[in-house]
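In short: position in the sequence shown from 1, add 237, done, that's the working numbering.
We put the beta carbon where it would ideally sit given N, CA and C, even for glycine.
This report concerns only the one structure given below.
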Amino acid sequence: MNLITIGDLHGSAAWKRINPLKYDRVIFVGDYVDSGRYNDEAIYANLKSLIQWKEKLPDRIVLLWGNHDLAYFYGGHERHYCSGFRPDMLSRLFSFYTHYRSYFQAAFQINNYLWTHAGVVQRWFDHCIGSEVLPSDQNLAATLNRLFDQYYEPLYYVSVIRGGVNEDGGIFWAHRTETLEDPLKGYHQIVGHSQTHEGIVVADHFGPDTSVTYVDCLTTSPEFYKLEI
């Protein structure tokens with residue numbers, strides 16, 4: 238299976254350079270909005286174009302939620318506040334994300350390759366997720382997507398590293414430091430959220446079955462992560 242992962246867009250249209258028909262899956266890791274580089278109209282137009290791709294290729298395009306997207310989806314609630322939040326876009330983006338809610342998901346998985354916006358920390362999984370897994374869940378992504386639909390609060394935990402009050406960050410807020418120090422064992426994770434300044438970064442020193450690849454690099458290095466499984 239030929240895959241390509243696109244890092245946090247924040248209004249960037251760099252993704253339009255690729256031909257989605259060349260890949261079995263094109264996976265976006267979230268954070269399509271909020272930017273210091275693009276105005277409201279450019280961000281909104283870019284997001285609409287992305288939805289058009291999803292509508293034309295629904296099984297090929299995977300759209301993950303990012304914390305910036307959820308800030309609008311949850312109506313600007315202070316629990317989901319993000320830096321760069323644009324109050325003037327709240328009404329429009331709330332309506333947009335609500336209308337297209339079914340197009341987005343919290344997690345995606347193929348074999349032991351797992352995509353979330355910020356990543357899964359082992360200790361967070363042990364404390365908050367392990368006991369929530371059901372025998373009927375196809376895989377961990379299915380568990381996380383089900384818990385997202387149930388608004389399971391630990392998914393949104395913010396650790397002290399990110400200015401929160403929780404011991405560990407959840408899949409929308411985990412910091413690169415957290416996933417570097419304590420990644421979920423047995424999974425190859427592909428995540429955004431923690432911006433890199435050196436292009437795509439692969440941390441694979443944990444053992445043959447565990448790694449974390451950081452793809453939030455578009456602001457400094459417009460490259461995408463290609464993978465064959």
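What's the gap between the Cα of residue i and the Cα of residue j?
i      : j      : result
Leu464 : Tyr394 : 29 Å
Ile437 : Gly267 : 16 Å
Trp410 : Tyr388 : 15 Å
Ile347 : Asp277 : 35 Å
Asn304 : His442 : 28 Å
Gly312 : Asn256 : 34 Å
Val449 : Gln359 : 12 Å
Val370 : Ala379 : 9 Å
Ile243 : Ile466 : 17 Å
Thr414 : Cys319 : 19 Å
Leu327 : Tyr309 : 6 Å
I'd like the span of the alpha helix (DSSP H) that includes residue i, first residue to last.
i      : result
Glu283 : As written in the sequence, residue 283 is Asn, which differs from the Glu given in the question. Here the alpha helix (DSSP H) through Asn283 covers Asp277 to Lys293.
Phe443 : Careful: Phe443 lies outside any alpha helix (DSSP H) and carries neither H nor E.
Arg329 : Leu327 to His336
Ala379 : Leu377 to Asp386
Ala308 : Asn304 to Phe310
Thr414 : Arg413 to Glu418
Using beta-carbon positions only, say whether residue i and residue j come within less than 8 Å of one another.
i      : j      : result
Leu240 : Arg254 : no
Leu392 : Leu351 : no
Ile288 : Tyr337 : yes
Val270 : Leu330 : yes
Asp296 : Trp361 : no
Asn382 : Ala343 : yes
Which residue or residues does DSSP assign as beta-bridge partners of residue i?
i      : result
Ile427 : Trp352 and Thr450
Tyr462 : Thr242
Ile264 : Thr242 and Val299
Phe345 : Trp352
Pro391 : Paired residue(s): none; Pro391 is not in a bridge.
Ser396 : Asn403
Val358 : Pro420
Starting from residue i, trace the beta strand (DSSP E) in both directions and tell me its first and last residue.
i      : result
Leu240 : Asn239 to Ile243
Ala440 : Val438 to Ala440
Please return the same chain residues whose Cβ sits closer than 7 Å to the Cβ of residue i, not counting the five positions on each side in sequence.
i      : result
Thr433 : Tyr451, Asp453 and Cys454
Cβ of residue i versus every heavy atom of the ligand ATP: is any distance shorter than 7 Å?
i      : result
Ile243 : For the ligand ATP, the structure offers nothing, since it holds no ligand at all.
Report all residues from its chain with a CB closer than 6 Å to the CB of residue i; omit the five preceding and five following residues, and keep chain order.
i      : result
Gly401 : Val395
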